[in-house]
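Participant: The structure's right below; bear with me while I get my questions together.
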Amino acid sequence: MRCKNIQIKLVDYHENSLSPEERNLIQSHLEVCSSCQKELQKIISAFKILSKESSYEPDEAYWINFVPGVRSKSEKSRSSTLVPIPKLKIAGGIVSLALVLLFGIFLFKADQRVMFKSSEEPYSYLLPTEGEKIDQLFYAETGDESLVSKLFSETDRDKLALAEIELEKYNWDKGGKEEALEELDLKQLENLKKDLEKTKIQ
Amino acid sequence: MSNKSENQKMNEETVRELVRRFKHGEEKAYNELVNLYKQRIFNLVLKMVRNREDAMDLAQEAFVKAYHSLKDFREEASFSTWLYRIAVNLCLNFTQRDKFRSFILLEEMTQPVLSSDSPLKDLEQKELNQAIDRAVLDLPGKQRAVFILRHYQELPHAEIAKILDKSEGTIKANYFQAVKKLRKSLAGFME
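These protein sequences, in sequence, are chains A and B.
Residue numbers for the first sequence follow this note's numbering, beginning at 419 and rising by one.
Residue numbers for the second sequence follow this note's numbering, beginning at 8 and rising by one.
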């Protein structure tokens, strides 16, 4: 296994949440790899720091008044949700207007996305707006979350996060892999990555 | 069957029964549900928003929202999964809306510092608490939720996947990314 694949699993290793087989595999690698040993040490230190955080417990009065507070807020919000009909009409108008605007924005954004020149599928849903450097956008490689969040939806970012793992031929475990396969078309993503790499070379 | 899983099964049965009684019009059953989950929800909300006052309000707000939706709860997931989902979404919306305010408040109060004999230690502890607050609040919303559900609430990946309605692989990827970012943010405190 490559170091990158090992390092993805070091948090699970530290939490003792791996299968015995995976644990043994990582343990054997750690015995011979100083770079992964250092990574593990950093993870252990981070969790050690996090464990030093102070805890907080509200006073008894808060807990005594908790249920009455919930009940009274529930009653209040129930009565405030009984909106008179004219107000409902205005609210309906606002909602309709917002929907029209959202649809317009969606069309505008969709138009800005670049269609990728691929021999198989259009990958527009994963691609950046025109003019951006593609190698800045594969967040698996850049880690520039703010830039990526501007250009990709959360769903696409999930796919990219999974793609990073799956494209390295990394198996979480049998169940996890099957689940990931349900969400991803791995062949499609592999092709995408190949295409992106070609673009970078050019 | 182990004692732990027997207890868990018994608790799940109790909760299902309470939900059923509430749906049949027994208002008091909801009070019992609140009492069963209030501590866990408060802890979750506090770690999500990193502010005591807001957490105290939002924890109650989560139960108010659940109260209004419980009649439509179809029990496809467990009550706790469903309740956690409500609380997480509430916190994500809140921090999205009030991010700027949260940062200002962090300077003033955030986590309390346990009074010790050494003022220097107190100060160091305060700085550490603030650094952790900032680091956690800096995480993208979903990564923050995954990290908190896993690290503080100690939920299994599969359960977190149900709460956030994502695959287990996505949750693992998010958790890995969150720890990676926290490690970078807290590097200055590491020995």
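All residues carry an ideal CB built from backbone N, CA and C; glycine is no exception.
Using a Cβ-Cβ cut-off of 8 Å (strictly less than) and excluding sequence neighbours within five positions of B:ARG3, which residues of its own chain qualify?
Facilitator: Shown here, chain B extends from 8 to 198; a query on residue 3 of chain B therefore has no answer.
Participant: So what does DSSP say about A:VAL488, is it helix, strand or coil?
Facilitator: Stepping through the first sequence from its first residue, residue 488 of chain A is reached at position 70. Residue state, collapsed to three classes: helix.
Participant: Evaluate B:CYS98 with the Cβ neighbour count: other Cβ atoms within 10 Å of its Cβ, from every protein chain shown; 16 or more gives buried, anything less gives exposed.
Facilitator: Residue 98 of chain B sits at position 91 when you count from the first residue of the second sequence. Label assigned to B:CYS98: buried.
Participant: Could you give the residue range of the alpha helix (DSSP H) that holds B:GLU134?
Facilitator: As a position in the second sequence, residue 134 of chain B is number 127, starting the count at 1. Unbroken alpha helix (DSSP H) run through B:GLU134: 126 to 145.
Participant: Nearest-angstrom Cα distance between B:LYS187 and B:ILE139?
Facilitator: Taking the first residue of the second sequence as position 1, residue 187 of chain B is located at position 180. Taking the first residue of the second sequence as position 1, residue 139 of chain B is located at position 132. Going by the C-alpha atoms only, they are around 14 Å apart.
Participant: Is the beta carbon of B:VAL52 closer than 9 Å to that of B:ALA94?
Facilitator: If you number the second sequence from 1, residue 94 of chain B lands on position 87. If you number the second sequence from 1, residue 52 of chain B lands on position 45. Taking 9 Å as the Cβ cut-off, B:ALA94 and B:VAL52 qualify as a contacting pair.
Participant: At which residue ranges does the segment 33 to 71 of chain B contain complete alpha helix (DSSP H) runs of 4 or more residues, listed in the order of the chain?
Facilitator: 35 to 56
Participant: With a threshold of 6 Å on Cβ separation, who are the neighbours of A:TYR431 within its own chain once the five nearest residues in sequence on each side are excluded?
Facilitator: For the purposes of this step, residue 431 of chain A is taken as residue 13 along the first sequence, with counting starting at 1. Hits under 6 Å: ILE444.
Participant: Is there a Cβ from chain A that is less than 9 Å from the Cβ of B:PHE183?
Facilitator: The sequence position of residue 183 of chain B within the second sequence is 176, counting from 1. Chain A contact via Cβ: present.
Participant: Any beta-carbon of chain B closer than 9 Å to the one on A:LYS491?
Facilitator: Within the first sequence, the letter at position 73 stands for residue 491 of chain A. Closer than 9 Å: yes.
Participant: In angstroms, rounded to a whole number, what distance separates the CA positions of B:LEU156 and B:LEU162?
Facilitator: Counting from 1 along the second sequence, the entry for residue 156 of chain B is found at position 149. Counting from 1 along the second sequence, the entry for residue 162 of chain B is found at position 155. Approximately 6 Å, taken between the alpha carbons.
Participant: Between which two residues does the alpha helix (DSSP H) holding B:ALA180 run?
Facilitator: Here residue 180 of chain B refers to the residue found at position 173 when the second sequence is read from its first residue. Looking at the DSSP string, the run of the alpha helix (DSSP H) that includes B:ALA180 is 175 to 192.
Participant: List, in chain order, every chain A residue whose beta-carbon is nearer than 9 Å to that of B:HIS75.
Facilitator: Residue 75 of chain B sits at position 68 when you count from the first residue of the second sequence. What B:HIS75 touches in chain A: SER492, SER495, ARG496 and THR499.
Participant: Can you check whether the C-beta of A:VAL513 is within less than 9 Å of a C-beta belonging to chain B?
Facilitator: Here residue 513 of chain A corresponds to residue number 95 of the first sequence, with the count starting at 1. Not an interface residue.
Participant: If we cut at 9 Å on Cβ distances, does A:LYS460 have a partner in chain B?
Facilitator: By 1-based counting over the first sequence, the position of residue 460 of chain A is 42. Judged by the 9 Å Cβ criterion, A:LYS460 is in contact with chain B.
Participant: I need the boundaries of the alpha helix (DSSP H) containing A:HIS432, first residue and last residue.
Facilitator: In the first sequence, counting from the first residue as 1, residue 432 of chain A sits at position 14. Counting along the chain, the unbroken alpha helix (DSSP H) around A:HIS432 starts and ends at 428 to 432.
Participant: Output yes if chain B places a C-beta closer than 9 Å to the C-beta of A:TYR431; else output no.
Facilitator: As a working note, residue 431 of chain A is residue 13 in the first sequence. By this cut-off, A:TYR431 is not an interface position.
Participant: Is the CB of A:ILE444 under 9 Å away from at least one CB in chain B?
Facilitator: Reading the first sequence from its first residue, position 26 is the one you call residue 444 of chain A. With 9 Å as the cut-off, A:ILE444 does not count as an interface residue toward chain B.
Participant: Roughly how many angstroms separate the alpha carbons of A:HIS447 and A:PRO438, rounded to a whole number?
Facilitator: In the first sequence, the residue the question calls residue 447 of chain A occupies position 29. In the first sequence, the residue the question calls residue 438 of chain A occupies position 20. Looking at the two C-alpha atoms, the distance is approximately 14 Å.
Participant: Can you tell me the Cβ-Cβ gap for B:THR102 and B:GLU166, rounded? I've got them flagged as a contact below 8 Å.
Facilitator: Translated into positions along the second sequence, residue 102 of chain B becomes position 95. Translated into positions along the second sequence, residue 166 of chain B becomes position 159. Not quite, the Cβ-Cβ distance comes to about 22 Å (not below 8 Å), so this is no contact.
Participant: How about B:HIS164 and B:LYS179: are their beta carbons less than 9 Å apart?
Facilitator: Start at 1 with the first residue of the second sequence, and residue 164 of chain B comes out as number 157. Start at 1 with the first residue of the second sequence, and residue 179 of chain B comes out as number 172. Yes; because the gap between Cβ atoms is below 9 Å, this pair is in contact.
Participant: Return the CA-CA distance between B:SER192 and B:GLN15, expressed in angstroms with no decimal places.
Facilitator: As a working note, residue 192 of chain B is residue 185 in the second sequence. As a working note, residue 15 of chain B is residue 8 in the second sequence. Distance between the alpha carbons of B:SER192 and B:GLN15 is about 37 Å.
Participant: Is there a Cβ of chain A sitting closer than 9 Å to that of B:ARG190, yes or no?
Facilitator: Taking the second sequence and counting its residues from 1, one reaches residue 190 of chain B at position 183. With 9 Å as the cut-off, B:ARG190 counts as an interface residue toward chain A.
Participant: Kindly indicate which three-state DSSP category B:HIS31 falls into: helix, strand or coil?
Facilitator: On the second sequence, residue 31 of chain B is found 24 positions in, with the first residue counted as 1. In the structure shown, B:HIS31 sits in coil (DSSP, three-state: anything other than H, G, I, E or B).
Participant: Can you tell me whether DSSP reads A:ASN483 as helix, strand or coil?
Facilitator: Locating residue 483 of chain A in the first sequence gives position 65, counting from the first residue. In this structure, A:ASN483 counts as coil in the three-state DSSP scheme.
Participant: According to the Cβ coordinates, are A:VAL485 and B:LYS45 closer than 9 Å?
Facilitator: Here residue 485 of chain A refers to the residue found at position 67 of the first sequence. Here residue 45 of chain B refers to the residue found at position 38 of the second sequence. Result yes, Cβ atoms of A:VAL485 and B:LYS45 sit closer than 9 Å.
Participant: Can you look up A:GLU471 in the DSSP assignment and give me helix, strand or coil?
Facilitator: Position 53 of the first sequence, counting from 1, holds the residue named residue 471 of chain A. Three-state DSSP puts A:GLU471 in coil, outside helix and strand.
Participant: Kindly list the residues whose CB is nearer than 8 Å to the CB of A:LEU428, restricted to its own chain and excluding five residues on each side of it in sequence; keep chain order.
Facilitator: One-based indexing of the first sequence puts residue 428 of chain A at position 10. If we look at A:LEU428 and ignore the five residues flanking it on each side, its Cβ neighbours are ILE444, CYS454, GLU457, LEU458 and ILE461.
Participant: From the DSSP output, in three-state form, read off A:ALA516 for me.
Facilitator: The sequence position of residue 516 of chain A within the first sequence is 98, counting from 1. Of the three classes helix, strand and coil, the one that applies to A:ALA516 here is helix, per DSSP.
Participant: Determine whether the beta carbon atoms of B:MET63 and A:TYR480 lie at a separation below 9 Å.
Facilitator: The count along the second sequence starts at 1 and reaches residue 63 of chain B at position 56. The count along the first sequence starts at 1 and reaches residue 480 of chain A at position 62. Result yes, Cβ atoms of B:MET63 and A:TYR480 sit closer than 9 Å.
Participant: What is the DSSP secondary structure of B:ARG23, reduced to helix, strand or coil?
Facilitator: Position 16 of the second sequence, counted from the start, is the residue given in the question as residue 23 of chain B. Three-state result, B:ARG23: helix.
Participant: Roughly how many angstroms separate the alpha carbons of B:ALA185 and A:ILE424, rounded to a whole number?
Facilitator: The sequence position of residue 185 of chain B within the second sequence is 178, counting from 1. The sequence position of residue 424 of chain A within the first sequence is 6, counting from 1. Their Cα atoms are separated by approximately 17 Å.
Participant: Look up B:PHE80 in the DSSP assignment and say whether it is helix, strand or coil.
Facilitator: By 1-based counting over the second sequence, the position of residue 80 of chain B is 73. Of the three classes helix, strand and coil, the one that applies to B:PHE80 here is coil, per DSSP.
Participant: Quick one: list the residues of chain C neighbouring A:LEU520, beta-carbon separation under 8 Å, in chain order.
Facilitator: Checking the listed chains, one finds no chain C in this structure; the protein chains it contains are A and B.
Participant: Can you confirm whether B:VAL26, when its beta carbon is compared against all beta carbons of chain A, has any partner nearer than 9 Å?
Facilitator: The count along the second sequence starts at 1 and reaches residue 26 of chain B at position 19. It does not; no Cβ of chain A falls within 9 Å.
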